[in-house]
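Below is one structure, written out as structure tokens; comments come after it.
Residue numbers (my numbering): 4 to 373.
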């Protein structure tokens with residue numbers, strides 16, 4: 004029988020720009036119907052964690068919060084009516100799961116638009132205060148509370164904890180972007196802007212989905228080399244080329260037209276205007292990385308004159324989590340996704356992990372719990 008403690012050690016942000024504090028946070032002594040209590044096994048660090056902790060996100064944050072939202076863990080307690088996951092698999096104590104932000108299932112976006120990531124009553128892990136029940140709504144914590152309205156997906160036995168955590172925010176965002184994009188035809192050239200974790204994962208997925216070629220733009224050089232290992236046919240450094248040189252190179256690789264599909268994962272506002280020039284006339288431009296509060300300028304006429312289809316893609320629902328896990332289970336033997344996961348840290352070392360990611364010394368560090 005699992006003994007559940009009354010407190011959970013967790014990394015808490017009380018003021019933007021300040022280091023996280025390891026605090027004792029209450030473990031809920033009651034579970035709502037449909038809720039789960041999970042013992043965290045791993046939580047990878049996302050760039051959003053870094054931006055949120057510094058106050059650089061254009062999203063509401065109800066301080067104090069437990070940082071982290073790419074977590075996986077084992078079920079240690081179950082509320083009533085919580086015995087199946089979001090794709091119909093049976094759940095029991097000891098199973099590993101990923102879990103989603105919530106959607107209410109009864110607003111316009113949930114029922115009519117069928118876009119639960121835009122739910123009007125959405126609750127998001129890492130953004131809600133730890134000062135109120137159910138307290139444990141962040142990933143850098145020994146225990147986590149899965150809200151009744153959250154989707155949950157059982158982790159395949161073949162997928163390790165660290166890779167499962169990667170399938171949370173990072174990989175599900177890529178899968179959601181691919182769902183919003185639609186089919187990649189065999190003749191289409193796909194350009195990936197950014198070689199952070201999302202861009203690297205998108206490179207692998209575009210390769211598997213049959214793109215004519217995959218081109219990755221970004222820096223530093225080590226990440227570009229990793230993009231090549233994950234499926235990029237060509238890589239281009241933003242550190243050693245000008246905008247015009249990149250434009251010329253992309254056109255030379257795509258029969259003079261530009262990329263059929265451009266996918267933005269940089270998070271840098273200036274990349275948006277460049278992406279509009281790199282995509283061909285009539286092409287598709289999927290924008291995923293722009294969650295900051297900075298601004299940029301561009302010519303709207305570029306979109307109109309070139310008939311560009313600009314697609315915004317935010318977060319991901321239970322389907323996207325499931326797709327990410329299935330992709331990892333199927334392709335981990337052939338695609339070195341594990342190389343995206345770099346340093347391993349204990350909870351007490353969380354600030355070091357965040358700082359190293361901020362300085363681009365890590366691609367995707369992981370906080371491990373034992």
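Backbone N, C-alpha and C define an ideal beta-carbon position, used for all residues, glycine too.
Query, Result
"Rounded to the nearest angstrom, how far is the Cβ of residue 15 from that of residue 67, given a contact under 8 angstroms?", "5 angstroms"
"How would you write the range of the alpha helix (DSSP H) that residue 238 sits in, first residue to last?", "Premise fails: residue 238 lies in the beta strand (DSSP E), 237–240, not in any alpha helix (DSSP H)."
"Quick check on residue 308: buried or exposed, where buried means 16 or more other Cβ atoms within 10 Å of its Cβ?", "exposed"
"How many angstroms separate the CA atom of residue 103 from the CA atom of residue 147?", "12 angstroms"
"Can you name, in chain order, every residue of its own chain whose Cβ lies under 6 angstroms from the Cβ of residue 260, other than the five neighbours on each side?", "283"
"Using beta-carbon positions only, say whether residue 242 and residue 222 come within less than 7 angstroms of one another.", "yes"
"Are the beta-carbon atoms belonging to residue 396 and residue 291 less than 7 angstroms from one another?", "No answer is possible for residue 396: the residues shown for the chain start at 4 and end at 373."
"What residue ranges within the stretch 111–156 form continuous beta strand (DSSP E) runs of no fewer than 3 residues, ordered along the chain?", "146–149"
"Does DSSP put residue 267 in a helix, a strand or coil?", "strand"
"Just checking my contact of residue 218 with residue 239 at CB under 8 angstroms: how many whole Å lie between their CB atoms?", "7 angstroms"
"Check whether the stretch 86–96 and the stretch 168–185 touch, using three or more Cβ-Cβ pairs below 8 angstroms as the test.", "no"
"Buried or exposed: where does residue 303 fall if 16 or more other Cβ atoms within 10 Å of its Cβ makes it buried?", "exposed"
"Which parts of the stretch 73–115 are runs of the alpha helix (DSSP H), unbroken and 4 residues or longer, counting only runs that do not cross its ends?", "111–114"
"Using beta-carbon positions only, say whether residue 288 and residue 253 come within less than 7 angstroms of one another.", "no"
"Taking just the CA atoms, how far does residue 245 sit from residue 48?", "31 angstroms"
"What do you get for residue 204, buried or exposed, if any count of 16 or more other CB atoms within 10 angstroms of its CB means buried?", "buried"
"Would you identify the three-state DSSP class for residue 170, choosing helix, strand or coil?", "coil"
"Between residue 137 and residue 354, is the Cβ-Cβ spacing less than 7 angstroms?", "no"
"Identify which residue in 55, 7, 362 has its Cα closest to the Cα of residue 34.", "7"
"Report, in whole angstroms, the separation of the C-beta atoms of residue 170 and residue 331, which I expect to be a contact under 8 angstroms.", "6 angstroms"
"Is the separation between the beta-carbon of residue 28 and that of residue 45 shorter than 7 angstroms?", "no"
"Grab me the residues of residue 50's own chain with a C-beta within less than 8 angstroms of its C-beta, minus the 5 sequence neighbours each way, in chain order.", "199, 200, 270, 360"
"Look at the alpha carbon of residue 116 and the alpha carbon of residue 352, and state the distance between them as a whole number of angstroms.", "42 angstroms"
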